[in-house]
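Have a look at the structure below before the remarks.
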Amino acid sequence: MAMSMGYYGDTAMKKISGGGVGGRYDVPEGVDVRGRYEEEFAKILTKDALIFVAALQREFRNHVKYAMECRKEAKMRYNSGGLPGFDPATKNVRDGDWMCAEVPPAVADRRVEITGPVERKMIINALNSGAKVFMADFEDALSPTWENLMKGQVNLKDAVNGTISFQDKARNRVYKLNDQIAKLFVRPRGWHLPESHIFIDGEPAIGCLVDFGLYFHHNHAAFRKTQGEGYGPFFYLPKMENSREARIWNNVFERAEKMVGIEKGSIRATVLIETLPAVFQMDEILYELRDHSVGLNCGRWDYIFSYVKTFQAHPDRLLPDRVLVGMGQHFMRSYSDLLIRTCHRRGVHAMGGMAAQIPIRDDPEANAAALELVKKDKLREVRAGHDGTWAAHPGLIPAIMEVFTNNMNNSPNLIETMKREDAASLTEEDLLQIPRGVRTIEGLRLNTRVGIQYVAAWLTGTGSVPLYNLMEDAATAEISRVQNWQWLKYGVELDGDGVGVRVSHELFGKVVEEEMARIEREVGRERFKKGMYKEACKLFTRQCTTPVLDDFLTLNAYNHIVVHHPGGSSKL
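So for the sequence shown, the working numbering puts the first residue at 8; every next one is plus one.
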């Protein structure tokens, strides 16, 4: 199947006839909805909403295309031996005495945030979880099938209106919102991902503008009344590499505010610092978004993925087993410390990283040990000066909340009290220091096993997958993929096993075969046969062995989940 080129070329996808089952979407000129028709989706894909999305696409598509070209140029520079670093041209921004807009009272306290896909039951449980914030995800925790995306919009609209409910027939239980709920943030997809079920002027829409535009159009008024206390909606912004990309988001926000007639600075967003180039542009990113910013977040799993991707042509910068690349590594600790210093200097939140552990219900001893590790990690974060942190499972929230509450002196955040001026001395060398540790055959096996199982779930419409007592999303699969690719490319020695074997295509082929057999044993023959494990194995193996590293696993795999239903729109 041909690879998707996003906005730069044609996308290969499946076609199914008779797309307008029961009706057609009423679309404005130049818009073609190729996803399946469903009555509840039509309430999201109204003509007015599509006019709004199309206006954003037309105004910003060339800016986005240029930003993607700049990414390619940067990659060529790094692949030719260059290193990312602080930009001398923006030193005045880094040294300047400016501040971001004041944090809205509604989100002053963000001690614990829970994240998850925009699924109906998940949204209810997360909003009811006791966390201060729920980040509803259209990105790494969601497989972007048409049904997932559109149902996600329906679910969020119901959540903002306070009418969301879910009947679990298997458990004979109805889920509804409590009186006290978390504040809702929404994470759209990254700039690089297309939405190939909606075409605007003959090309796929930009995925994040669809996610943002539909949600904002339908919910801005209700959100500002029910959740934002006059502000909002609130967002998380992923995968940015520099301040140019932040400027596009800021312009999108200003355009959206103007189109619906709300005050400039109503929309607020936290940016995930999860690419290596972005760590050198944190001040600049905040500066571009200063009227709309509520801080930065350490997206640490994607950050590790980005380290490998940025240095794909640097054989002197090979990572050890991914389980050894934690916050104890100097380059990771430096990134966290500089993020805290940067955010607090500019008057906004510095959010910590994800605790991906999920409760181990059948082993109380292992569960207690896992929880102890979580608490230790969160204690490190709050003592460093983070204002809050992420959890993947509601079961972690009480313990994490206790750690942060006990170390914050009755304050909703640490913005004024933990300035971390000591981090001002951190250098490019600190942020790029090569991680230390060994490489083992077990590391190669774990990467392969996790990567294949995640891709199999993603291809069948699930983007948030419990594997080996951790909640995995696309970021973990990306680390697994690029590390395997790196080890294969450079034939690294597995020096942690005492045998000194080198990674080769022959060894990798044997590992894939053995790990597929293990997956079949673990999930059971029936589920293995019904699942997409063989397709996932092919896709994952191809991405690990390709001569040129793919930028994103999900961009390459996206073609496999796009299904066109011709005739879904009433105008072409």
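Positions of the beta carbon are idealized from the N, C-alpha and C atoms, including for glycine.
Any idea what DSSP makes of Asp39, helix, strand or coil? Taken through DSSP and simplified to helix, strand or coil, Asp39 comes out as strand.
Heavy atom of the ligand NAP less than 7 Å from the Cβ of His356, yes or no? The ligand NAP is absent from the structure shown, which contains no ligand whatsoever.
Cut-off 7 Å between Cβ atoms - residues of its own chain near Gly302, not counting five sequence neighbours on either side: Here the set comprises Thr277, Cys350, Val355, His356, Ala357 and Met358.
Using the C-alpha atoms, what's the distance from Asp394 back to Ile422? Those two C-alpha atoms are separated by around 7 Å.
Simplified DSSP assignment, three categories, for Cys544: Here Cys544 carries a helix assignment [DSSP, helix/strand/coil].
Could you check what DSSP says for Trp198 in three-state terms: helix, strand or coil? Trp198: coil per DSSP, three-state reduction.
Strictly by DSSP, which residues pair up with Ile213? Answer is Pro201, bridged to Ile213.
Smallest Cα separation from Gly137: which of Trp494, Tyr497, Ala398 and Ile568? Closest by alpha carbon: Ala398.
Which term fits Glu146, buried or exposed, when burial requires 16 or more other beta carbons within 10 angstroms of its beta carbon? It is buried - the Cβ of Glu146 has at least 16 other Cβ atoms within 10 Å.
Thinking C-alpha only, which one of Arg118, Ala431, Asp144 and Thr317 is nearest Gly470? Ranking the options by Cα distance to Gly470, first place goes to Asp144.
Between which two residues does the beta strand (DSSP E) containing Val472 stretch? In this chain, the beta strand (DSSP E) harbouring Val472 covers Val472 to Leu474.
Span separating the alpha-carbon of Arg43 from that of Asp186: Distance between the alpha carbons of Arg43 and Asp186: 36 Å.
Distance between Ile441 and Pro327 (C-alpha atoms, nearest Å): For Pro327 and Ile441, the distance between alpha carbons rounds to 10 Å.
Consult DSSP for Ser172 and reduce its assignment to one of helix, strand or coil. Correct three-state label for Ser172: strand.
Residue interval of the beta strand (DSSP E) (run including Ile280): Counting along the chain, the beta strand (DSSP E) containing Ile280 begins and ends at Arg275 to Ile280.
Below 8 Å, can you find three or more Cβ-Cβ pairs linking the stretch 272–291 to the stretch 84–98? Cβ pair count under 8 Å is three or more, so yes.
CA-to-CA distance, Met539 to Ile131, given in whole angstroms: Straight-line measurement puts the Cα of Met539 at about 29 Å from the Cα of Ile131.
Based on DSSP bridge pairs, tell me the residues matched to Ser576. Paired residue(s): Tyr32.
Go through its chain and collect everything with a Cβ distance to Glu252's Cβ below 7 Å, but skip five positions before and after it. Cβ neighbours of Glu252 within its own chain (closer than 7 Å, five residues either side excluded): Ala74 and Trp198.
Helix, strand or coil, according to DSSP, for Arg101 in the structure here? Collapsing the DSSP output to three states places Arg101 in a helix.
Of the residues Ala166, Tyr314, Thr282 and Ala406, the one placed nearest Met329, counting alpha carbons only: First, the residue type needs correcting, since residue 329 is Arg and not Met in the sequence shown. Checked all of Ala166, Tyr314, Thr282 and Ala406; the closest Cα to Arg329 is Tyr314.
Compare the Cα-Cα distances from Thr122 to each of Tyr243, Glu47 and Phe219 and report the closest residue. Ranking the options by Cα distance to Thr122, first place goes to Tyr243.
Straight-line gap, Phe559 to Asn416 (C-alpha atoms, nearest Å): Rounded to whole angstroms, Phe559 to Asn416 spans 42 Å at the Cα level.
Assigned secondary structure, Ala138 (DSSP; H/G/I helix, E/B strand, else coil): Here Ala138 sits in coil by DSSP.
With 16 as the cutoff for other CB atoms within 10 Å, does Trp153 come out buried or exposed? Burial state of Trp153 is buried, judged by a 10 Å Cβ sphere holding 16 or more other Cβ atoms.
How big is the Cα-Cα spacing for Val332 and Ser576? In this model, Val332 and Ser576 are separated by some 48 Å (Cα to Cα).
Own chain, CB closer than 8 Å to Asp175, minus 5 neighbours either side, in chain order: Only residues of its own chain outside the window of five on either side were considered, and among them Lys128, Val181 and Tyr182 have a CB closer than 8 Å to the CB of Asp175, listed in chain order.
How would you write the range of the alpha helix (DSSP H) that Asn563 sits in, first residue to last? Boundaries of the alpha helix (DSSP H) harbouring Asn563: Leu560 to Ala564, taken from the DSSP string.
Start-to-end residues for the alpha helix (DSSP H) that takes in Asn86: Asn86 -> alpha helix (DSSP H) spans Lys54 to Asn86.
So is Met361 buried or exposed if we call it buried at 16+ other beta carbons inside 10 Å? Residue environment analysis places Met361 among the buried positions, since at least 16 neighbouring C-beta atoms fall within 10 angstroms of its C-beta.
Secondary structure of Gly16, DSSP reduced to three states: Low local confidence applies: a pLDDT of 40 at Gly16 is under 50, so the model's placement there is unreliable, and no value is given.
Under a three-way DSSP split, which group does Ala143 fall into? In this structure, Ala143 counts as strand in the three-state DSSP scheme.
Let me make sure I understand the geometry here. Which of Gln493, Asp480, Arg452 and Asn226 has the alpha-carbon closest to that of His321? Ranking Gln493, Asp480, Arg452 and Asn226 by Cα distance to His321 puts Gln493 first.
8 Å Cβ shell around Glu522 - same chain, five flanking residues per side excluded: Arg452, Thr455, Arg456 and Ile459.
Beta-carbon within less than 8 Å of Leu386's beta-carbon, same chain only, minus the 5 sequence neighbours each way: which residues are those? Counting only Cβ-Cβ distances below 8 Å, and skipping sequence neighbours, we find Val410 and Asn414.
Could you check if His512 is buried or exposed, using at least 16 other CB atoms within 10 Å of its CB as the buried criterion? With fewer than 16 other CB atoms across the displayed protein chains lying within 10 angstroms of its CB, His512 is exposed.
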